[in-house]
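Student: In our numbering, the protein residues as written are 113 to 773.
Cβ coordinates follow ideal geometry from the N, Cα and C atoms, glycine included.
The structure under discussion is supplied below as structure tokens; questions concerning it will follow.
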Ligand code: CUK
Ligand code: CUA
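Here you go:
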């Protein structure tokens, strides 16, 4: 396959050269030229363009080798994108109702969304930042996906058997988060790191009591793989100083059992530009260093299991004093407005960027351990031991302006996003990685311009114990001149970068507009690690419980309407191209339980169910059962109909819902 592509490129480039390079002539008006070289010439494509097109082209009917899960930013959703063709396969409804999936319009998705209530109030959107795939031994296992909602401190669990959200959990003690959802190497915990400090439980406290009352709080959500749910009773939190903890990553290999978060605002700035105080942007950047937070989570787990956490709002919290006394928490200085905290594939080093520092700083886990063992550490204002930077720093590499996040490949290179430079920096890792690449040790190798203002960066399995290389995606915040003008709100720009060669040969292959929100992070998994259902395994499947609904009615002869006083039960069977029953008549004020089961078994034979006037809309995939419950409080004549064009007589797939006054 590879050989074939190469030979096509050779043929095309030879043809191009023969044509004397790109032409400047106008497109052919009378239809497209049929000859490939003529097309390239006509469109002014360079040999590089042609190669990029071939590398990303996926012929009809062929599927891509990689799948990217990207945060959907302030849409609250998750995007599923095939790579390298960069085709969007799916938008998964997570924190925001998603009509296409019937998520949040009466069916089982409503129960999931209810888990995300904040003090009893429905919050039907989220600001998703960091999707994280479940891992086994530090590698993606393709079973689950987790994502945080920065705006409201919530974490969601998505089951990759059917790519749908199964749980949203509200953090009872935090009102915003950021450094989540990051998993430990065997998905023992899904970790939700904090961001902007607030009193625990976000009770009111004036800002002049910031130092005493405001706190950071990191949450270790226990994941029960068998149930596919986070178990809050087995989860715990650690109280932190009110610095703004930021991005986090779990240790692996030698550093398994440890967890690392960068932070900023060790200045304890509280803003108030309107009062003559320095604005946050100045107040939080005064200090030359902030603190890398180093957690011994295995020790914290022991302390929690020994019952040493205090229950606050139902959640066990290890207070700061205990965390210090039990050697759970250490600091190490990090230069100028750090961002990002990324552990190398082998778990030996932690890479931290600096928004206002041109370097990445590399910390050695071995040196951290040695410094902890040696003891004699100074303490910060809150009594947390601080390991001096020169004791733990392995290297610093000057990359350029605004290094943020770092991912890795299989050749011993690291890739760091440079926000201010609008570039991807490829640099070589030293230590045990040195023999994998031609460069001598820690060294900048190439800066590839991207368009523009890159935030996160992601690589094929690039944050696991065994990265794949091949591709990097630059998640650019600005797109400026890359796409047709669609008004003042522009899409973000995902740029696919080819990293197959060593040295300074990275190339941008493709621009992909994301016109629905600003994604932050994304992860890329080998497609064949995912084993989703083709149809639900049994007819009558309850997708929320991932089991058969014992009340599902699967025989059209048993379908119908039953009444018990004011309670009406509708058992409906759904199959091409009719609902049974097709008439449902109730009295105004009746309480209706309406159970719909698709007895379809054929792949892609999905039906919808829209009930006019009652804000009900379901997606009923083959085998699925959905239950809706409502009071028939509007009298009148209503229709229900199928919203998926399922057959030639799809328009006839309707019924009448009559509510007698
Ligand atoms: S953050 Cu957005 S670019 Cu939320 Cu991970 Cu760094
Ligand atoms: Cu069922 Cu259209």
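What are the residues that DSSP puts in a beta bridge with residue 402?
Tutor: The partner list for residue 402 (beta bridge, DSSP) reads 446.
Student: Relative to the ligand CUK, is the shortest distance from any of its heavy atoms to the C-beta of residue 762 smaller than 7 Å?
Tutor: No - the ligand CUK has no heavy atom lying nearer than 7 Å to the Cβ of residue 762.
Student: Run the Cβ filter for me: residues under 7 Å from any heavy atom of the ligand CUK, listed in the order they occur in the chain.
Tutor: Having a Cβ closer than 7 Å to some heavy atom of the ligand CUK are 241, 242, 262, 290, 359, 451, 452, 516, 517, 567, 568, 632, 633.
Student: With distances taken from CA atoms, which of 666, 673, 679, 217 is nearest residue 709?
Tutor: The option with the nearest alpha carbon to residue 709 is 666.
Student: Among residues of its own chain, excluding the 5 on either side of residue 113, which ones have a beta-carbon nearer than 8 Å to its beta-carbon?
Tutor: Here residue 113 scores only 41 on pLDDT, less than 50, and its place in the model should not be relied on; the value that follows carries that caveat. None.
Student: When the Cα atoms are used, what is the spatial distance from residue 628 to residue 425?
Tutor: For residue 628 and residue 425, the distance between alpha carbons rounds to 36 Å.
Student: Using the C-alpha atoms, what's the distance from residue 654 back to residue 762?
Tutor: Whole-angstrom Cα-Cα distance: 24 Å.
Student: Report the three-state DSSP secondary structure of residue 553 (helix, strand or coil).
Tutor: Coil, per DSSP.
Student: Which word fits residue 758, buried or exposed, when buried means at least 16 other C-beta atoms lie within 10 angstroms of its C-beta?
Tutor: The residue is buried, with at least 16 neighbouring Cβ atoms inside 10 Å.
Student: In terms of residues, what are the limits of the beta strand (DSSP E) holding residue 582?
Tutor: Here the beta strand (DSSP E) through residue 582 covers 581–588.
Student: So, for residue 190: in the same chain, excluding its five sequence neighbours on each side, which residues have a beta-carbon less than 8 Å away from its beta-carbon?
Tutor: Same-chain partners within the cutoff: 181, 182, 183, 184, 203, 204, 206, 240, 243, 257, 259, 270.
Student: Give a yes or no on contact between the stretch 270–280 and the stretch 307–319, applying the rule of three or more CB pairs nearer than 8 Å.
Tutor: Too few Cβ pairs lie closer than 8 Å, so no.
Student: For a minimum of 3 consecutive residues, which ranges assigned as the beta strand (DSSP E) are wholly contained in the stretch 269–321?
Tutor: DSSP runs (the beta strand (DSSP E)) wholly in the stretch 269–321: 276–282, 301–304.
Student: Leaving out five residues on either side along the sequence, give the residues of the same chain with a beta carbon under 6 Å from the beta carbon of residue 729.
Tutor: Closer than 6 Å at the Cβ level, and outside the excluded window around residue 729, lie 211, 214, 217, 722.
Student: Taking buried to mean at least 16 other C-beta atoms within 10 Å of its own C-beta, is residue 486 buried or exposed?
Tutor: With fewer than 16 Cβ atoms within 10 Å of its Cβ, residue 486 is classed as exposed.
Student: For residue 442 and residue 411, I'd like the C-alpha separation in whole angstroms.
Tutor: Approximately 13 Å, taken between the alpha carbons.
Student: For residue 748, count the other beta carbons within 10 Å of its own beta carbon; 16 or more makes it buried, fewer makes it exposed. Which is it?
Tutor: With fewer than 16 other Cβ atoms within 10 Å, it is exposed.
Student: Cβ of residue 656 versus every heavy atom of the ligand NAD: is any distance shorter than 7 Å?
Tutor: Ligands present in the displayed structure are limited to the ligand CUK and the ligand CUA, and the ligand NAD is not among them.
Student: Start and end of the alpha helix (DSSP H) containing residue 649?
Tutor: Premise fails: residue 649 is in no alpha helix (DSSP H) and is neither H nor E.
Student: Given this structure, state the Cα-to-Cα distance separating residue 616 from residue 536, to the nearest angstrom.
Tutor: Residue 616 and residue 536: Cα-Cα distance of roughly 11 Å.
Student: On the three-state DSSP scale, how would you describe residue 607?
Tutor: Reduced to three states, the DSSP call for residue 607 is strand.
Student: Can you list, in chain order, the residues of its chain whose CB lies under 6 Å from that of residue 450, leaving out five sequence neighbours each side?
Tutor: Hits under 6 Å: 374, 402, 464, 466.
Student: DSSP three-state call for residue 782: helix, strand or coil?
Tutor: Because the chain here runs from 113 to 773, residue 782 falls outside it and cannot be looked at.
Student: So does residue 689 have its beta carbon nearer than 7 Å to some heavy atom of the ligand CUA?
Tutor: Yes, since a heavy atom of the ligand CUA falls inside the 7 Å radius drawn around the Cβ of residue 689.
Student: Whole angstroms is fine: what's the gap from residue 727's alpha carbon to residue 160's?
Tutor: Taking the straight line joining both Cα atoms gives about 51 Å.
Student: Given the structure, does residue 765 come close to the ligand CUA, in the sense that its CB is under 7 Å from one of the ligand's heavy atoms?
Tutor: Yes, Cβ of residue 765 sits closer than 7 Å to a heavy atom of the ligand CUA.
Student: So, is residue 157 buried or exposed, given that buried needs 16 or more other C-beta atoms within 10 angstroms?
Tutor: Result: buried.
Student: Hey, which unbroken runs of the beta strand (DSSP E) at 3 residues or more fall wholly within the stretch 674–738?
Tutor: Fully enclosed beta strand (DSSP E) runs of 3 or longer: 679–687, 690–692, 695–699, 703–710, 719–723, 728–732.
Student: Flag residue 757 as yes when its Cβ comes closer than 7 Å to any non-hydrogen atom of the ligand CUA, and as no otherwise.
Tutor: Yes, since a heavy atom of the ligand CUA falls inside the 7 Å radius drawn around the Cβ of residue 757.
Student: Taking just the CA atoms, how far does residue 308 sit from residue 229?
Tutor: Taking the straight line from one Cα to the other gives about 20 Å.
Student: Roughly how many angstroms lie between the CA atoms of residue 750 and residue 743, to the nearest whole one?
Tutor: Using only the alpha carbons, I get a separation of about 14 Å.
Student: Excluding sequence positions up to five away, which residues of its chain have a Cβ less than 8 Å from the Cβ of residue 395?
Tutor: Here the set comprises 377, 379, 381, 382, 383, 389.
Student: Kindly list the residues whose CB is nearer than 7 Å to the CB of residue 753, restricted to its own chain and excluding five residues on each side of it in sequence; keep chain order.
Tutor: Once the five neighbours on either side are set aside, the close Cβ partners of residue 753 are 722, 765, 766.
Student: Residue 195 bridges to which residues according to DSSP?
Tutor: Bridge partners of residue 195: 178.
Student: Measuring from the CB of residue 471, is there a heavy atom of the ligand CUA at a distance below 7 Å?
Tutor: Answer for residue 471: no, Cβ out of range of the ligand CUA.
Student: Does the Cβ of residue 115 have 16 or more other Cβ atoms within 10 Å, making it buried, or fewer, making it exposed?
Tutor: Confidence in residue 115 is poor, its pLDDT being 41 and thus under 50, which makes the residue's placement unreliable; the coordinate value appears in the next sentence. Under this definition residue 115 is an exposed residue.
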